[in-house]
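Some notes on the structure that comes next.
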Amino acid sequence: MRHEAAKVSVQVWESNGILLEQYAYTPGTVEPLPKHAHAEYQLGLSYDCPGEYTYRGARHGIPKGSLSIIHSGEVHAPSDRTSLPTPAHFAMAHLDPRWLQIVAAEIVEKSADAPFFPAPCITDPELNRLFLVLQSVSDRSAFQLEQDTALWDFLTHLIANHALNQPIVQPVKPCHAAVKQARDYLHAHFTKDISLQELAEIAALSRFHFSRVFRKEVGLSPSAYQAQLRIGQAKKLLAQGLPIATVATMTGFYDQSHFGWHFKRQVGTTPGNYVGVAAISS
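Residue 254 in this note's numbering sits at position 273 of the sequence shown; the count goes up by one each step and never skips.
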């Protein structure tokens, strides 16, 4: 009996030079892929279907909910079943080794090689969460600071917890003056699409150190703090009766839809509903 071929849909986008993919398969037969290699690290997370890779001369099972890691330049191929009885969904990221080398170097505060991960797959719920945040912020055209923060959070956790010869992460030391400089800059330029690198340079710290010390002293990531400033100003402008589209532009959002997503996330309701409440209250 001939089985129907599975249909696949793919979403692809790029963030910080990283290729991100989301795959969705319907039930059916799947054409096996040949052995191949990538110049980048390949990371994959299966949401609802276990898999298997031929990698480093052996077959490695990838349980559902585990993150697989294929190193740059290493030959591999999927070796799991060629028929899917149920729908399957998974996410992929292709990372330039340079990114892992940069983050590793900032963690140890000296030059470092790209880290090596001995396990072909990792089961770590927090790592999965950070991977999905990275996918999410890149998918919805988030601000640069939000994309940078998601990337650094994910890579820091990955390297610090799962690399061979894990680097020792030193305790966070207070840097009140540096954090104040960064906060003052954000208050003065909260509409600017600033990068984590720019903020770290203003604070005269590495991106790794700046992100940690800012969170420690402020209680929020730099990107969450900037979003809070934008929405705070937006609420004032909406209360003054300015049109939603105008407020979106004035507070640095790409468009009204982008503004609405962030507003609801911060306030719990849409700008339109908020305007109605403000009008009733005045």
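Every residue gets a Cβ at the ideal spot worked out from N, C-alpha and C, and that includes glycine.
C-alpha distance - residue i paired with residue j, whole-angstrom precision
i           : j           : result
residue 161 : residue 194 : 11 Å
residue 183 : residue 174 : 15 Å
residue 220 : residue 256 : 7 Å
residue 41  : residue 203 : 39 Å
residue 118 : residue 89  : 27 Å
residue 253 : residue 225 : 8 Å
residue 135 : residue 148 : 15 Å
residue 188 : residue 18  : 31 Å
residue 34  : residue 99  : 15 Å
Residue i in three-state terms, based on DSSP
i           : result
residue 220 : helix
residue 125 : helix
residue 21  : coil
residue 26  : strand
residue 9   : strand
Boundaries of the alpha helix (DSSP H) in which residue i is found, first to last residue
i           : result
residue 149 : From DSSP, residue 149 is part of no alpha helix (DSSP H); its letter is neither H nor E.
residue 16  : No alpha helix (DSSP H) contains residue 16, which DSSP labels as neither H nor E.
residue -16 : No alpha helix (DSSP H) holds residue -16; DSSP gives it neither H nor E.
residue 241 : 237 to 248
Contact set for residue i: own chain, Cβ-Cβ below 6 Å, skip 5 residues either direction
i           : result
residue 102 : 43, 47 and 49
residue 96  : 81, 85, 140 and 144
residue 106 : none
residue 214 : 232
Residue interval of the beta strand (DSSP E) (run including residue i)
i           : result
residue 267 : With the chain represented from -18 up to 263, any question about residue 267 goes unanswered, as that position is not in the structure.
residue 42  : 39 to 43
residue 228 : From DSSP, residue 228 is part of no beta strand (DSSP E) but of the alpha helix (DSSP H) over 225 to 231.
residue -11 : -11 to -4
residue 1   : -1 to 6
Same chain, Cβ closer than 8 Å to residue i, neighbours up to 5 away in sequence not counted
i           : result
residue 261 : Any reading at residue 261 is ruled out, since the residue's pLDDT is 45, under 50, leaving its predicted position unreliable.
residue 116 : 1, 3, 72 and 74
residue 223 : 231
Same chain only: Cβ atoms within 7 Å of residue i, ignoring 5 sequence neighbours per side
i           : result
residue 26  : 48, 71, 72, 109 and 112
residue 245 : 251
Legend entry - Segments of 3+ residues assigned as beta strand (DSSP E) that fall wholly inside the stretch 46 to 100: 48 to 51, 57 to 59 and 69 to 76
Legend entry - Uninterrupted beta strand (DSSP E) stretches inside the stretch 160 to 218 (no shorter than 3 residues): none
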